[in-house]
Amino acid sequence: MERFNHYNFEFEYWNDANFLPGKLYCNNFLTPGGYTCDSVGAWSYFSKNMKSVDSLANVAGIKSTVYIGVSSKDTLKNRFVANTVDLVMLACYNADTSKLYMSHTVSKLTAYSTVNKVVDVLPIFASQTRVQAKI
């Protein structure tokens, strides 16, 4: 029998390019759900749905995961994420491949280390550098 091992949730609550009035998240998720199209509404939507995804994963006996592009400066938000999910997939992107690991990776990792629960963190290292192949 085939089954899923993880339920993943991705909603960029930190990205105002998506949740401000007239933008994708505002039009498709926040306004229809009765949330304000600002950082408060985006966080409220995210946290409510992240709890739901985690609950569904628990019922199914699988893991909950979340993609985070930018860890919050608000430690309470980071603690909520770490206390809610089993795995945080953390974007660690940098255009310069020689600095890929150091693109705020340490601060992003420590943002999720202050909870009384073990949470797995998967850094996603990616370069946005265009590499031209020589054939």
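Counting from 1, position 44 in the sequence shown corresponds to residue 60 in the working numbering; the numbering is continuous, with no gaps.
All residues carry an ideal CB built from backbone N, CA and C; glycine is no exception.
> From this set, Asp70, Asn24 and Leu40, which residue's C-alpha is nearest Asn198's C-alpha?
Replying inline: Coverage of the chain is limited to positions 17 through 151, which leaves residue 198 absent and any answer about it impossible.
> Helix, strand or coil: how does DSSP classify Cys108 here?
Replying inline: strand
>> What would DSSP say about Phe96, mapped onto helix, strand or coil?
In response: Looking at Phe96 - three-state DSSP - the assignment turns out to be helix.
>> I'd like to know if the stretch 20 to 30 and the stretch 60 to 70 are in contact, where contact means that at least 3 CB-CB pairs between them fall below 8 Å.
In response: Counting Cβ pairs under 8 Å, three or more are found: they touch.
>> Does the CB of Val104 have a neighbour CB from chain B at under 8 Å?
In response: Judged by its chain identifiers, the structure shown contains no chain B, having just a single protein chain.
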